[in-house]
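S.K.: In the working numbering, the protein residues as written are 4 to 433.
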RNA sequence: GACCCCAUCGUCCAGGGGCCUAGGACUCCAGAUUUUCAUUCUGGCAACACGGGUUCGAAUCCCGUUGGGGUCGCCA
């Protein structure tokens, strides 16, 4: 199967769960390495756990990889379809007396007091004494191969030249090397990447919020931004650069540049990067994304949606944030924040302010050209008449029309909402 | 516990013997702009884990300690 002289790497998920942030990062570095070296990026499905493997997980994993921007070469390889291959190799070891049977299972006999050395591309030399390694199951009683055996056999058969995987596999490596030796195969090279932990240094888990790529997709993170962030964990483009896309990265990525230090996932930085990517996109592109993801209920007019996006472009870092921020533009059922309501009431307790706002509302009603410019003119005029700062009118007005104390410029918001809705909403609080 | 990996601001990354009174980014704080928020701009807080060596000189090399992490399944 293997072409000589060519770089071949693989990503080998087991379809027993969704694609995890950590696995996605591993996949990304594999993909980058393959693309940079002009090699192949293969996908192998490790579905030897009959109970836990599910089609829906596989489907989602494939979808998420694609979403993040990775493509793979060749056919998918399913371990569950290669049972006879593993059995044959195991039988070979049985014949050579390197393994023995225990019931239906086939067990590999580990020779004691040997030193197995790995030359890891990230960690350098790592040595193990085989005294630390127990005899290894090759074929389980159910006829399925054990993980390490299937992994070694497949990496060989697929012609893998470099295995890039997490540090949690370091201790599996000497076992696999033993299998390569016994089978008479040349072992691939290895690169073990330090693991990703939660922000507090503990294991990345559900309690720390999202761990699956699907969740970030759902919350409205952009794939390029997520990939960019993951890239920065253990790698750097240099020159103090932070924002870099996959296209550019695949031209400069080198496996030697991978860090050997454990990293922590920081949602704040991800959000910042996502915000950067959002600001790079046009309102049109963002509107399309928002529409596709059904982020807003109303079947809003495209042009209108684009204008809302434009107004809020610097104010949201995820599509979810956009949806929460702009509910008042897509129907009258928007909620009013408790704090905002308090502020509005406080403003309107002042008689002068209330009168000014009433007058402002009346002026708006009479406006023929409901543009932000003329709205602003009207606002300033009223403020002057009542001898109050424009802000005194503006703040309660914003709460009235949007339910929030924060948002875009009031006059632009009003123009976009249109006279009818604005006057109605102001009337309700006066 | 045994074996293995790791150690620069809270986090990510740069720095790999003199260029380091350690640089950038996120976060946080302050200021400017502004109708709020955000954006943008300016400034600030904040780190070489500790102890021994080696060396004229160590964040950088070596050893140890401590700390964190991983693995010890007929899970993958």
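Think of the CB as a built atom: it goes at the ideal place given N, C-alpha and C, for glycine as much as any other residue.
All values derive from a computational prediction rather than experimental measurement.
Can you tell me which residues form a DSSP beta bridge with residue 267?
M.R.: Partner(s): 200.
S.K.: Quick one: any contact between the stretch 37 to 49 and the stretch 193 to 209, if contact means 3 or more CB pairs under 8 Å?
M.R.: The stretch 37 to 49 vs the stretch 193 to 209: no contact.
S.K.: Whole angstroms is fine: what's the gap from residue 365's alpha carbon to residue 378's?
M.R.: So the alpha carbons of these two residues sit roughly 12 Å apart.
S.K.: From residue 360 to residue 396, what distance separates their C-alpha atoms?
M.R.: Residue 360 and residue 396: Cα-Cα distance of roughly 6 Å.
S.K.: What is the rounded straight-line gap between the Cα of residue 222 and the Cα of residue 52?
M.R.: Using only the alpha carbons, I get a separation of about 31 Å.
S.K.: So which of 214, 266, 277 has the shortest CA-CA distance to residue 245?
M.R.: Among 214, 266, 277, the Cα nearest to that of residue 245 belongs to 277.
S.K.: Taking only three categories from DSSP, how would you classify residue 401?
M.R.: Reduced to three states, the DSSP call for residue 401 is helix.
S.K.: At 3 residues or longer, and completely inside the stretch 303 to 373: list those beta strand (DSSP E) runs for me, N to C.
M.R.: Whole beta strand (DSSP E) segments, 3+ residues: zero.
S.K.: Determine, using beta-carbon pairs with one atom in the stretch 335 to 348 and one in the stretch 309 to 326, whether at least three such pairs fall under 8 Å.
M.R.: Short answer: they don't touch.
S.K.: For residue 59 and residue 147, what's the separation of their Cα atoms in angstroms?
M.R.: Roughly 21 Å separates the two Cα atoms.
S.K.: Can you give me the Cβ contacts of residue 428 inside the same chain, cut-off strictly under 7 Å, excluding the 5 residues immediately before and after it?
M.R.: So the qualifying residues of the chain are 403, 404.
S.K.: Along the chain, where does the alpha helix (DSSP H) that runs through residue 254 open and close?
M.R.: Counting along the chain, the alpha helix (DSSP H) containing residue 254 begins and ends at 249 to 255.
S.K.: What's the C-alpha gap between residue 44 and residue 294?
M.R.: Those two C-alpha atoms are separated by around 33 Å.
S.K.: For residue 130, count neighbouring C-beta atoms within 10 Å of its own C-beta (all shown protein chains included) and say buried if the count is 16 or more, exposed if not.
M.R.: Exposed, by the Cβ-count rule.
S.K.: Out of 356, 120, 412, 367, which has the shortest C-alpha to C-alpha gap to residue 390?
M.R.: Cα-wise, what sits closest to residue 390 is 356.
S.K.: Indicate whether residue 165 and residue 36 have their beta-carbon atoms separated by less than 9 Å.
M.R.: Result yes, Cβ atoms of residue 165 and residue 36 sit closer than 9 Å.
S.K.: Looking at the secondary structure, which residues open and close the beta strand (DSSP E) in which residue 46 lies?
M.R.: First-last of the beta strand (DSSP E) with residue 46: 43 to 48.
S.K.: Helix, strand or coil for residue 172, going by three-state DSSP, please let me know.
M.R.: If DSSP states are grouped into helix, strand and coil, residue 172 belongs with the helices.
S.K.: Ordered along the chain, which non-local residues of its own chain (more than five positions away) have a Cβ less than 8 Å from that of residue 133?
M.R.: Answer for residue 133: 113, 114, 115, 116, 117, 118, 119, 177, 181, listed in chain order.
S.K.: Measure the C-alpha to C-alpha separation of residue 319 and residue 230 and round it to an integer number of angstroms.
M.R.: If I take the Cα positions, the gap works out to 19 Å.
S.K.: Per the contact definition of three or more C-beta pairs closer than 8 Å, is the stretch 136 to 152 in contact with the stretch 59 to 69?
M.R.: No: the two stretches stay apart, fewer than three of their Cβ pairs being nearer than 8 Å.
S.K.: Between the C-alpha atoms of residue 110 and residue 155, what's the straight-line distance to the nearest angstrom?
M.R.: In a straight line, the C-alpha of residue 110 is about 15 Å away from that of residue 155.
S.K.: Give every residue of the same chain whose Cβ lies closer than 7 Å to the Cβ of residue 269, excluding the five residues on either side of it in the sequence, and list them in chain order.
M.R.: Same-chain partners within the cutoff: 202.
S.K.: Specify the secondary structure class of residue 188 as computed by DSSP and reduced to three states.
M.R.: Coil at residue 188, not helix or strand.
S.K.: Answer with buried or exposed for residue 74, where buried requires no fewer than 16 other C-beta atoms within 10 angstroms of its C-beta.
M.R.: Residue 74 comes out exposed.
S.K.: Could you check how far apart the C-beta atoms of residue 199 and residue 25 are, in whole angstroms? I think they sit under 8 Å.
M.R.: Contact flag correct, Cβ pair sits at about 5 Å.
S.K.: Determine the extent of the beta strand (DSSP E) in which residue 95 is found, giving its start and end residues.
M.R.: Not the beta strand (DSSP E): residue 95 falls in the alpha helix (DSSP H), residues 86 to 98.
S.K.: What distance in whole Å lies between the Cβ atoms of residue 125 and residue 195, which are believed to be in contact at a cut-off of 8 Å?
M.R.: Indeed they touch by this definition, with Cβ atoms about 6 Å apart.
S.K.: DSSP state of residue 277, grouped into three classes?
M.R.: In this structure, residue 277 counts as helix in the three-state DSSP scheme.
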